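Have a look at the structure below before the remarks.
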Amino acid sequence: MWWGVGGAVLASAVWSVAVLTMPPLVRGILGEPAAPSPAGYRVSDDLCATAALPALDRLYPAPSGSPYHYTTRHRVLDEMYCSQYRTKADNDSEHYSLYLQVQLHHQVDPRPEFGAQREGLAQRSYLISPVSELGDEAYLGYLDDPDRNDPARHHLTQVLYVRQGGMTCYAGWSGSYQDGRATAPDLDRIRSALVSDTRDLLRGLGGSPA
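Under my numbering, think of the first position of the sequence shown as 10, with each following residue one higher.
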């Protein structure tokens, strides 16, 4: 009797491990949704070097400091990151931050979290707008956050999220300006540059983001 129960428990445990470790295609055949593949994207050792950012470079041609980057590899998730600071001219005191992050998901479906990130931005009062013809789904987020101590100073953030298969990409721009002392950044040009440069970056990583 106990042998039969123990055998059933052991068989169940072995089956659970097999389901968790078997290839996504087999899991899909069994009725469990298969995780999307990274769609041909490859890992770059230096995302800052891969990301030429020609459109943003025209807006902010003067680098401030050295770019920072890292790449991590894992059978479940590969991750690439780049951040850098730019100005409009060498003597400009206003600095603008640029951030890039690309993740290649090999076993986990990123679609639920991708949707949750969009809802999270909306809850934080970001203005969300969809982007067509970029990956499987993409959207822009914009936030104007006045300084609590100085309402005339605005902290601006523009973000772009893209997902194609198991690849997710984040591109962000942030800057600030003060009413009456500086001209507000051209948000339309920044949006356009983010989309254009991100599309070029994803092509550089071996994808076909459209």
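Every residue gets a Cβ at the ideal spot worked out from N, C-alpha and C, and that includes glycine. This structure is a prediction, so every number in the text was calculated from the model and none was measured.
Between which residues of its own chain and residue i is the CB-CB distance below 6 Å, once the five residues before and five after are set aside?
| i | result |
| --- | --- |
| G150 | L130, Y135, I137, V168 |
| Q110 | Y90, Y179 |
| I199 | Q167, W182 |
| T81 | E88 |
| P139 | Y148 |
| R133 | none |
| D54 | T80 |
| Q116 | A44, V85 |
| S92 | Y77, Y108 |
| A219 | E142 |
Excluding five sequence neighbours on each side, which residues of the same chain lie with their C-beta closer than 7 Å to the C-beta of residue i?
| i | result |
| --- | --- |
| D156 | R162, H164 |
| Y79 | Y90 |
| G216 | A48, G49, Y50, Q173, M176 |
| L65 | L107, A202, D206 |
| P119 | R172, G175, T177 |
Relative to the alpha-carbon of residue i, which residue among the options has its alpha-carbon at the smallest distance?
| i | options | result |
| --- | --- | --- |
| L143 | L152, S185, E88, T207 | T207 |
| A202 | D55, C57, G49, P63 | P63 |
| P194 | M176, H104, N100, L214 | H104 |
| R84 | T96, E128, L113 | L113 |
| L152 | G184, P121, D159, E146 | G184 |
| A191 | Q93, K97, E122 | K97 |
| S75 | L196, N100, Y94, V52 | Y94 |
Does DSSP put residue i in a helix, a strand or coil?
| i | result |
| --- | --- |
| R95 | strand |
| R208 | helix |
| D197 | helix |
| D118 | coil |
| D66 | helix |
| A219 | coil |
| L86 | strand |
| T59 | helix |
| A44 | coil |
| G189 | coil |
| P32 | Low confidence applies here, because P32 scores a pLDDT of 49, under 50, leaving its location unreliable; read the following figure in that light. Coil at P32, not helix or strand. |
| L203 | helix |
| G213 | helix |
| A22 | With a pLDDT of 43 at A22, under the threshold of 50, the modelled position of this residue cannot be trusted; read the value that follows with caution. Looking at A22 - three-state DSSP - the assignment turns out to be helix. |
| G184 | strand |
| Q104 | Just to set this straight, residue 104 is His in the shown sequence, not Gln. Residue state, collapsed to three classes: coil. |
Ordered along the chain, which non-local residues of its own chain (more than five positions away) have a Cβ less than 8 Å from that of residue i?
| i | result |
| --- | --- |
| Q187 | D159, A161, R162, H163 |
| F123 | E146, Y170, R172, T177 |
At 4 residues or longer, and completely inside the region 120-160: list those alpha helix (DSSP H) runs for me, N to C.
Runs of alpha helix (DSSP H) with 4 or more residues, each lying fully within the region 120-160, are found at 120-132, listed in chain order.
Could you tell me whether the region 53-71 touches the region 208-215, where touching means 3 or more Cβ pairs closer than 8 Å?
Between the region 53-71 and the region 208-215, the count of Cβ pairs shorter than 8 Å is three or higher; the stretches touch.
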